[in-house]
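Asker: The sequence shown begins at -1 in the numbering used here and counts up one residue at a time.
Just so you know, even glycine gets a beta-carbon here, dropped at the ideal spot from N, CA and C.
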Amino acid sequence: MTISHPYDSPHGPWLRGNLHTHTTNSDGTLTPSEALELYASHGYDFLCLSDHDVFTEPLAHASVVGIPGVEVSAGGPHLLAIGTRQPYNTARSRGEIINEIVADGHLCVLCHPNWLSHYAHWEQAALEALGPYHGIEIFNSVIDFLEGESHALDRWDRLLSKGRRLWGYAHDDFHRPGHGPRGWNMVCAERRPEAIIEALKAGRFYASSGVLFETIAVEDDLFRVVAPDAQEIRFITKFGKVLAFAQGPEASYRIQGNEGYLRAEAWGSAKQAAWTQPVFISEG
-1 MTISHPYDSP HGPWLRGNLH THTTNSDGTL TPSEALELYA SHGYDFLCLS DHDVFTEPLA
59 HASVVGIPGV EVSAGGPHLL AIGTRQPYNT ARSRGEIINE IVADGHLCVL CHPNWLSHYA
119 HWEQAALEAL GPYHGIEIFN SVIDFLEGES HALDRWDRLL SKGRRLWGYA HDDFHRPGHG
179 PRGWNMVCAE RRPEAIIEAL KAGRFYASSG VLFETIAVED DLFRVVAPDA QEIRFITKFG
239 KVLAFAQGPE ASYRIQGNEG YLRAEAWGSA KQAAWTQPVF ISEG
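Encoded structure:
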């Protein structure tokens, strides 16, 4: 049995941040400096001002690391290009844009798959056919105020079950006060833009809508998590099947070897949660 996961060695402190933020440079209501100060006041460690198809320069701040990036929006379903300092040509196909983002060394995340009344801003066939993006938004908090579903755990599990090795990200998609902070990533990285982006590409983070993990550990064949604010912890495998769950803030699961992948969810009050990245398992 071979087990691989992104939590095998520490790479710095745990940093809280949002990669999906809009300002008055596109369709947000706050200026870049106002948006930055809002997130700083909530204790965020990093922030990307990812305006629609326009680059907003990260602002210097004493406590918040600025991450460059853009949301590719016109001409098709939306995606984040994190690390870029220029917008992409939206006349090209989404597949071509994804390939270019990754070839440029940037992070590529597909946005809010379950947005819109038909719950398919991104069609599942497209998610399965396109590559080599790094992951999808499994929680996008602004969709709670729009048509569709803010969570996309179903899409993630379908992709993972088909053998795709993709990470799950949580973001606000902030446009105006009241939209956040409600979704973020907790990243194990040094406080530098390049280090944070590399950790997000490598899966050294977990996604959250309010619950925090104290421990995420794989020790031999034991997957163990601790989340002090959790009321229930679940271990999930192919096609969203719950293999085990426990009431309370701590749980563990003994890996059998035939799961394919395994991930943990910690659920707290008011539907707040945290999600680990997958542990990948192969027999033999």
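Using CA atoms only, rank isn't needed, just tell me which of Trp265, Gly246, Phe233 is closest to arginine 252.
Answerer: Residue 252 sits at position 254 when you count from the first residue of the sequence shown. Among Trp265, Gly246, Phe233, the Cα nearest to that of arginine 252 belongs to Phe233.
Asker: Can you tell me the Cα-Cα spacing of glycine 238 and leucine 151, whole angstroms?
Answerer: What you label residue 238 is simply residue 240 of the sequence shown in a count that begins at 1. What you label residue 151 is simply residue 153 of the sequence shown in a count that begins at 1. Taking the straight line from one Cα to the other gives about 8 Å.
Asker: Applying the 10 Å Cβ sphere with the 16-neighbour rule, what's the burial state of phenylalanine 211?
Answerer: Reading the sequence shown from its first residue, position 213 is the one you call residue 211. By the 10 Å Cβ count, phenylalanine 211 comes out buried.
Asker: On the criterion of 16 or more Cβ atoms from any shown chain inside 10 Å, does threonine 0 qualify as buried, or is it exposed?
Answerer: On the sequence shown, position 2 is the one that residue 0 refers to. When all chains shown are included, threonine 0 counts as exposed.
Asker: What beta strand (DSSP E) runs, 3 residues minimum, are completely inside the region 168 to 235?
Answerer: The region 168 to 235 contains these whole beta strand (DSSP E) runs: 182 to 186, 203 to 206, 213 to 217, 220 to 224, 230 to 234.
Asker: At what residues does the alpha helix (DSSP H) containing glutamine 122 begin and finish?
Answerer: As a first step, residue 122 must be located in the sequence shown, where it is residue number 124. Segment 122 to 127, the alpha helix (DSSP H) holding glutamine 122.
Asker: Measure how close the beta-carbons of histidine 173 and glycine 26 come, nearest whole angstrom, since I'm counting them as under 8 Å.
Answerer: Sequence index remark: in the sequence shown, residue 173 carries index 175 (1-based). Sequence index remark: in the sequence shown, residue 26 carries index 28 (1-based). That belief holds up - the Cβ atoms of histidine 173 and glycine 26 are roughly 5 Å apart, short of 8 Å.
Asker: Identify every residue that forms a DSSP beta bridge with glutamate 263.
Answerer: For the purposes of this step, residue 263 is identified with residue 265 of the sequence shown, where counting begins at 1. Arg232, Trp273, per the DSSP bridge assignment.
Asker: Rounded to whole angstroms, what's the CA-CA distance from arginine 163 to glycine 246? Just pull it up for me.
Answerer: Position 165 of the sequence shown, counted from the first residue, corresponds to residue 163. Position 248 of the sequence shown, counted from the first residue, corresponds to residue 246. In a straight line, the C-alpha of arginine 163 is about 29 Å away from that of glycine 246.
Asker: Determine which residues share a DSSP beta bridge with arginine 252 and list them.
Answerer: Stepping through the sequence shown from its first residue, residue 252 is reached at position 254. DSSP lists Leu220 as partners of arginine 252.
Asker: Specify, as a first and last residue, the run of the beta strand (DSSP E) that serine 290 falls within.
Answerer: In this structure the chain extends from -1 to 282, so residue 290 is not present and cannot be described.
Asker: Whose C-beta lies closer than 8 Å to the C-beta of histidine 9 among residues of the same chain, with five residues either side of it excluded?
Answerer: The residue you call residue 9 lines up with position 11 of the sequence shown. Around histidine 9: Cys186, Ala187, Glu188, Ala193, Ala197, Arg202.
Asker: For the alpha helix (DSSP H) that tryptophan 113 lies in, which residues bound it at each end?
Answerer: One-based indexing of the sequence shown puts residue 113 at position 115. First-last for tryptophan 113: undefined, no H or E at that position.
Asker: Which ranges does the beta strand (DSSP E) cover as unbroken runs of at least 3 residues, wholly within the region 4 to 92, from first to last along the chain?
Answerer: Listed in chain order, they are 12 to 16, 44 to 46, 63 to 65, 67 to 70, 77 to 80.
Asker: Identify every residue that forms a DSSP beta bridge with asparagine 138.
Answerer: Against the sequence shown, residue 138 aligns to sequence position 140. Bridge partners of asparagine 138: His169.
Asker: Of the choices Val277, Gly15, Gly103, Glu94, whose alpha-carbon is the least far from that of threonine 82?
Answerer: Position 84 of the sequence shown holds residue 82. Ranking the options by Cα distance to threonine 82, first place goes to Gly103.
Asker: Using the Cβ count rule (16 or more neighbours within 10 Å means buried), how would you classify threonine 213?
Answerer: Here the question's residue 213 lines up with position 215 in the sequence shown. Counting Cβ neighbours within 10 Å, threonine 213 comes out exposed, since fewer than 16 surround it.
Asker: Per DSSP, what kind of secondary structure is alanine 150 in: helix, strand or coil?
Answerer: In the sequence shown, the residue the question calls residue 150 occupies position 152. Residue state, collapsed to three classes: coil.
Asker: If you count every other CB in all the chains shown that lies within 10 Å of the CB of proline 111, and 16 or more means buried, which is it?
Answerer: One-based indexing of the sequence shown puts residue 111 at position 113. It is buried - the Cβ of proline 111 has at least 16 other Cβ atoms within 10 Å.
Asker: Quick check on DSSP: helix, strand or coil for leucine 157?
Answerer: Translated into positions along the sequence shown, residue 157 becomes position 159. Helix.
Asker: Check for me: the beta strand (DSSP E) holding cysteine 106 runs from which residue to which?
Answerer: Locating residue 106 in the sequence shown gives position 108, where the first residue counts as 1. 105 to 108 is the span of the beta strand (DSSP E), which, as asked, contains cysteine 106.
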